[in-house]
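Enquirer:
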Amino acid sequence: MMKITVCSLDIAWEDKHQNFEKVESIIDQLEDPGDLFILPEMFSTGFTMNTDLAEDAAGETLKWMVRFAKKHNIAVIGSFPYTQNGREIFNRAYFVKPDGSWENYDKRHLFRMGDENNHYTRGDEKCIVNYKGVKFALNVCYDIRFPVWSRNIGNKYDVLINIANFPQSRIEAIEPLVRARAIENMSYSIFVNRSGNDPVCSYCPSSQIYNFKGGSISNEIFVTDCKGVQTQVLSCTIDMDALSDFRYKFPAWMDADTFNVIR
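Following this line, the structure appears as structure tokens:
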């Protein structure tokens, strides 16, 4: 069994240090945050097109994530604007483990309606992280609308994680998208959204967790952060025995189409 906690952080616009403080104030109030703590897309800045905020692996956001993971003995996931050469900028998600090691994923589908495609470079590599015997596939926000990219051929992953800044104006699309990814991939599906406001959009507490049958399995509480904001926090338990048993008794994955993504 693995316990996972997700935080629908009310992200302070382009204020990294305030966001770090908010996250710390939230986890400090949780009696048992479990094995993995998941934050939204661009959790340290908000969904910004200000690429001057981009950092490399020596930047303060990844350093903070490593300190956080070690301090709380918990893995942590979140994305931020990343650059490795000062020219190409990626919306990069990091999975940082308690020992300080990490793996990363660059967002594949860039949100052109928000001009992301004109400021960031898209990724072309999938990322599956093995942590404590559970295999996690990483997605970022807009990726969830493109199921081919996330297809779980041969049960390569057990949990699909999508971290997002998904606005309230499109709230009705979230549940069918997240639930469908769980059912079609015979995996757990975890969607971690932000809350609050940025200069363009409003967001509401809408993080969601589904099991491999499409059933909601999250426990919800609200925690007051250091700025007095009520923040949605969800938790769930990943049961690998139940997942394996379902895949054995209902092996639809064996009849899945195989293909190559060529673009």
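Going by my numbering, the first residue of the sequence shown is number -16, and it counts up by one from there. Don't be surprised by glycine CBs; every beta carbon is placed ideally from N, CA and C.
#1: Quick one, are the C-beta atoms of L217 and E203 less than 8 angstroms apart?
#2: Expressed to the nearest angstrom, what Euclidean distance is found between the alpha-carbon atoms of L93 and L121?
#3: Where N135 and M(-16) are concerned, what is the direct C-alpha to C-alpha distance, given to the nearest angstrom?
#4: At which residue ranges does the stretch 39 to 124 contain complete beta strand (DSSP E) runs of 3 or more residues, listed in the order of the chain?
#5: What residue does the beta strand (DSSP E) around Q213 start on, and which one ends it?
#6: Go ahead and label P182 buried or exposed: buried means 16 or more other beta carbons lie within 10 angstroms of its beta carbon, across all protein chains shown.
#7: Figure out for me which residue from T34, A41, D11 and D35 has the closest Cα to the Cα of H55.
#8: The beta strand (DSSP E) with V206 in it runs from where to where?
#9: Using the rule of at least 16 other Cβ atoms within 10 Å of the residue's Cβ for burial, across every protein chain shown, is C124 buried or exposed?
#10: For E24, count the other beta carbons within 10 Å of its own beta carbon; 16 or more makes it buried, fewer makes it exposed. Which is it?
#11: Exposed or buried, V244, counting other C-beta atoms within 10 Å across all chains shown (16 or more means buried)?
#12: Looking at the secondary structure, which residues open and close the beta strand (DSSP E) in which F172 lies?
#13: With burial defined as no fewer than 16 other Cβ atoms inside 10 Å of the residue's Cβ, what is the status of N68: buried or exposed?
#14: Within 8 angstroms of any Cβ in chain B, is that where the Cβ of F73 sits?
#15: On the three-state DSSP scale, how would you describe F3?
#16: Take the Cβ of K46 as the centre, count every other Cβ of all protein chains shown within 10 Å, and call the residue buried at 16 or more, exposed below.
#17: Buried or exposed: C219, going by 16 or more other Cβ atoms within 10 Å of its Cβ?
#18: According to DSSP, F20 sits in a beta bridge with which residue or residues?
#19: Under the three-state reduction of DSSP, which class applies to G179: helix, strand or coil?
#20: Nearest by alpha-carbon distance to R246: which of F129, I157 and S185 is it?
#21: Leaving out five residues on either side along the sequence, give the residues of the same chain with a beta carbon under 8 angstroms from the beta carbon of W(-4).
#22: What ranges does the alpha helix (DSSP H) occupy inside the stretch 132 to 173, keeping only unbroken runs of at least 4 residues that lie completely in it?
#23: Would you list the one or two residues that DSSP bridges to S189?
Expert: Taking the geometry as given:
#1: Within the sequence shown, numbered from 1, the residue matching residue 217 stands at position 234. Within the sequence shown, numbered from 1, the residue matching residue 203 stands at position 220. Yes, the Cβ-Cβ distance between L217 and E203 is below 8 angstroms.
#2: To locate residue 93, count along the sequence shown from 1; it is residue 110. To locate residue 121, count along the sequence shown from 1; it is residue 138. L93 and L121: Cα-Cα distance of roughly 15 angstroms.
#3: Here residue 135 corresponds to residue number 152 of the sequence shown, with the count starting at 1. Here residue -16 corresponds to residue number 1 of the sequence shown, with the count starting at 1. Cα-Cα distance, rounded: 21 angstroms.
#4: For the stretch 39 to 124, the continuous beta strand (DSSP E) assignments of 3+ residues that do not extend past its boundaries occur at 58 to 66, 72 to 79, 85 to 89, 111 to 114 and 117 to 123, in sequence order.
#5: One-based indexing of the sequence shown puts residue 213 at position 230. DSSP places Q213 inside the beta strand (DSSP E), whose first and last residues are Q213 to I221.
#6: In the sequence shown, the residue the question calls residue 182 occupies position 199. Residue environment for P182: exposed (fewer than 16 other C-beta atoms within 10 angstroms of its C-beta).
#7: For the purposes of this step, residue 55 is identified with residue 72 of the sequence shown, where counting begins at 1. Among T34, A41, D11 and D35, the Cα nearest to that of H55 belongs to D11.
#8: Numbered from 1 along the sequence shown, position 223 holds the residue referred to as residue 206. It spans N202 to T207 - the beta strand (DSSP E) in which V206 sits, taken as one unbroken run.
#9: Residue 124 sits at position 141 when you count from the first residue of the sequence shown. So C124 ends up on the buried side.
#10: For the purposes of this step, residue 24 is taken as the residue at position 41 of the sequence shown. With 16 or more Cβ atoms within 10 Å of its Cβ, E24 is classed as buried.
#11: In the sequence shown, residue 244 corresponds to position 261, counting from 1. By the 10 Å Cβ count, V244 comes out exposed.
#12: Locating residue 172 in the sequence shown gives position 189, where the first residue counts as 1. Sequence inspection shows Ser at residue 172; the Phe mentioned does not correspond to that position. Membership of S172 in the beta strand (DSSP E) is indicated by the continuous run Y171 to N176.
#13: Residue 68 sits at position 85 when you count from the first residue of the sequence shown. N68 sits exposed, since fewer than 16 C-beta atoms from the chains shown fall within 10 Å of its C-beta.
#14: Absent from the structure is chain B; it holds one protein chain and no more.
#15: Numbered from its first residue, the sequence shown carries residue 3 at position 20. Here F3 sits in helix by DSSP.
#16: As a working note, residue 46 is residue 63 in the sequence shown. Classification of K46: exposed, given that the 10 Å Cβ count is below 16.
#17: Against the sequence shown, residue 219 aligns to sequence position 236. The residue in question, C219, is buried, as its Cβ has 16 or more Cβ neighbours within 10 Å.
#18: As a working mapping, residue 20 is identified with position 37 in the sequence shown. The partner list for F20 (beta bridge, DSSP) reads T(-12) and V59.
#19: As a working note, residue 179 is residue 196 in the sequence shown. It is a strand residue.
#20: As a first step, residue 246 is located in the sequence shown; it is residue number 263 there, counting from the start. By alpha-carbon distance to R246, the top candidate from F129, I157 and S185 is F129.
#21: Along the sequence shown, read from residue 1 onward, the residue named residue -4 stands at position 13. Cβ neighbours of W(-4) beyond the five flanking positions: T28, G29, T31, D181 and P182.
#22: Within the stretch 132 to 173, the complete alpha helix (DSSP H) runs of at least 4 residues are 157 to 168.
#23: As a first step, residue 189 must be located in the sequence shown, where it is residue number 206. In the DSSP assignment, S189 is bridged to no other residue.
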